[in-house]
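Take any residue in the first sequence, note its place counting from 1, add 785, and you have its number in our numbering. Report on the following structure.
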Amino acid sequence: MVCLRDEDRYRMATPRRRFLRSALTDLDANLRRSGSRLFVRLGRPQEEIPAAALAHRADAVYTTGVYDTASLESDRRIAASLKRQGSAWVMLKDTVLFEGKEILAASGMPYRVFTPYRNAWVQHRADVPPPFPAVRSIASPSPRVGDTTLHRVPGFGSPCERGGESAASRRLKEFVRSGLDSYSRKRDLPGIDGTSRLSAHLANGTISIRTVYHAVREKADRAKTEERKSIEVFINELIWREFYYQILANFPFVVEGAFREEFRRLRWSDNEEHFAAWREGHTGYPIVDAAMRQLRIEGWMHNRARMIVASFLTKDLHINWQRGERHFFDHLIDADIASNNGGWQWTAGTGTDASPWFRIFSPVLQGERFDPDGAYVRRYVPELAGLPSSVIHKPWVLSPGDQRAAGFALGVEYPERIVLHEEERNVTLDLYRNRRGSSGRRRTNPKEVS
DNA sequence: TGAAATGTTGGGGCG
DNA sequence: ACGCCCCAACATTTC
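Below is the structure:
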């Protein structure tokens, strides 16, 4: 049984809808192999799930943990209704390996900084719970009033082959077999397929974090030092995920705004042309445009690219990071409240780090460092494919003659830069420095005083 | 898991 | 041989 809300379904961008649909299609197929099938209900979970449980006389409803306020409230209502009806509500810990209150500082307070959290997390390594056992048998109920089937649900688009539990298992096997060893070397290069590509499966519930963790750990035990390093780096990324879930659980207000109070009143730009150029991938900065086009086309973006475009939106266009967070959430097939919010706050400098608001990525340097041969740009910005690697991240340095020779013209096939990074960088420094507004106390340089 | 500005060092060219 | 300058390379500070 799956319950779908129209508001979610229609807000999702096409790749995300298709990924979800293929996950459900695969689930239906797997159920049918066991003589059962998937039923769908359309509406609000608070009403539909108790109604379905009643109609099917369910002994219990199983779910996995949620940690944002809205979902917690929804689950609380469902659990109350089920209790009245005499059904059990069973929450399985499968969204994370450790929940918010399981790893705390010696003071009893939750961690707010990643590194101490990671150190504590590693101390708990032996207590990571094992994967859940497979379901042994499954009932084959007949439909009740309100039940429908997947193919009768409109607005889903066609399925894509990447989604689903079967694809997730294959992907994990393949990654552990051939991708994991080189993960630390390749994971930061967006032009290379060097990441696990498991995030969408984790976010859509088509693979368990427990399964991923233990598959990877198991390989570490028999790996050479070089490979073990790679596995450590991968597990570190899983711990980032755990960290942001822990932040969400303990500080649920982060979904409403900045973690740090002093950054809640920043004055952001409302330049809609800039926001549209960012969304469509027409900013004139090749690495930014490549990334935003990848998101549109695939519903996925390489993590390094996510940091670059997030820095560009907030630090070069001065647009509220929450608008970017929303855009990502609607488009990403791996949309995940905790990681998405944590990542945006990290880049915007409003999050848990000490004071990184001056962390401003240069789109040119990031491109040259992490896409040195321009493969990523060439793939998603084909109008620049003819440029030599030395200038592909800064096409504006080419003279009009050289542009013609490379088969494009700035301002015609590919846009001029919508802003100048060097200038906007200084604007951002001022914006964040004066974050308390004109009423705030100006900080004086001690050297100037003495 | 920045980047730029500023400071320091050390080697080579040269008078 | 020596000091001076230049500057690349590296380190530190600042935003």
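Idealized CB from N, CA, C, for every residue including glycine.
| Check | Outcome |
| --- | --- |
| May I have the straight-line CA-CA distance separating Gly1069 from Asp811, to the nearest angstrom? | 40 Å |
| Suppose you measure from the CA of His1087 to the CA of Arg929; what does that come to, to the nearest Å? | 43 Å |
| The beta strand (DSSP E) that contains Trp874, what's its start and end? | Ala873 to Leu877 |
| Quick check on this structure: which residue in Arg1164, Ala1190, Glu1083 and Gly1134 has the alpha carbon closest to the alpha carbon of Gln1107? | Gly1134 |
| So Asp1119 and Ser954 are supposed to be a Cβ contact under 8 Å. How far apart are they, rounded? | That pair is no contact at about 17 Å. |
| Which term fits Asn1211, buried or exposed, when burial requires 16 or more other beta carbons within 10 angstroms of its beta carbon? | exposed |
| Which term fits Lys958, buried or exposed, when burial requires 16 or more other beta carbons within 10 angstroms of its beta carbon? | exposed |
| Kindly indicate which three-state DSSP category Leu809 falls into: helix, strand or coil? | helix |
| Can you have a look at Pro975 and say buried or exposed, based on whether 16 or more other CB atoms are within 10 angstroms of its CB? | buried |
| Starting from Ala845 and walking both ways along the beta strand (DSSP E), at which residues does that stretch end? | Ala845 to Thr849 |
| To the nearest angstrom, report how far apart Asn815 and Gln1031 are at their CA atoms. | 33 Å |
| Can you give, in chain order, each stretch of the beta strand (DSSP E) that sits fully within the stretch 884 to 955 and has at least 3 residues? | none |
| If you measure between the beta carbons of Val1197 and Ile1177, is that distance less than 7 Å? | no |
| Which term fits Gly940, buried or exposed, when burial requires 16 or more other beta carbons within 10 angstroms of its beta carbon? | exposed |
| With the cut-off set at 7 Å, would you say Lys1100 and Ile1072 are in Cβ contact? | no |
| To the nearest angstrom, how far is the alpha carbon of Glu1011 from that of Ser993? | 27 Å |
| Measuring CB to CB, does Gly1084 end up less than 7 Å from His1112? | no |
| Between the alpha carbons of Gly1042 and Arg1049, how many angstroms are there, rounded? | 7 Å |
| Would you decide whether Asn904 is buried or exposed? Buried here means 16 or more other CB atoms lie within 10 Å of its CB. | exposed |
| According to the neighbour-count rule (16 or more other Cβ atoms, all chains shown, within 10 Å of its Cβ), is Phe824 buried or exposed? | buried |
| List the DSSP bridge partners of Val997. | DSSP output for Val997 lists no bridge partner at all. |
| When you compare only the Cα positions, how much space is there between Arg822 and Asp932? | 12 Å |
| Could you spell out the range, first to last residue, of the alpha helix (DSSP H) harbouring Leu1150? | Pro1148 to Phe1155 |
| Considering only residues of the same chain and omitting the five flanking positions on each side of Asn1230, which have a CB-CB separation below 6 Å? | With a pLDDT of 35 at Asn1230, under the threshold of 50, the predicted position of this residue should be treated as unreliable, though the coordinate-derived value follows. Once the five neighbours on either side are set aside, Asn1230 has no close Cβ partner at all. |
| If you draw a straight line from the alpha carbon of Tyr852 to that of Lys886, how long is it in whole angstroms? | 12 Å |
| Does the stretch 1015 to 1025 come into contact with the stretch 1182 to 1192, if we say contact requires no fewer than three beta-carbon pairs (one atom in each stretch) closer than 8 Å? | no |
| Quick one: is Ser1235 buried, meaning 16 or more other Cβ sit within 10 Å of its Cβ, or exposed? | The predicted position of Ser1235 is uncertain, since its pLDDT is 28 and thus under 50; no value can be drawn from it. |
| Have a look at Tyr896 and Thr854 and give me their C-alpha separation to the nearest angstrom. | 20 Å |
| Counting C-beta neighbours from all protein chains within 10 Å, is the total for Met797 16 or more, i.e. buried, or is it exposed? | buried |
| Leaving out the 5 sequence neighbours to the left and right, which residues in its chain are closer than 6 Å to Leu789 when beta-carbon positions are compared? | Leu827 |
| When burial is assigned at 16 or more other CB atoms within 10 Å of the CB, is Arg801 buried or exposed? | buried |
| Helix, strand or coil: which one does DSSP assign to Val1176? | coil |
| Going by DSSP, what residue range makes up the beta strand (DSSP E) through Val1259? | Only positions 786 to 1235 of the chain appear in this structure, which leaves residue 1259 out of reach. |
| Would you kindly report the start and end of the unbroken alpha helix (DSSP H) that includes Val1162? | Ala1160 to Tyr1165 |
| Compare the beta carbon distance of Gly949 and Ala808 with 7 Å and say whether it is the shorter of the two. | yes |
| When the distance is taken between beta carbons, is Asp1074 closer than 7 Å to Val1149? | no |
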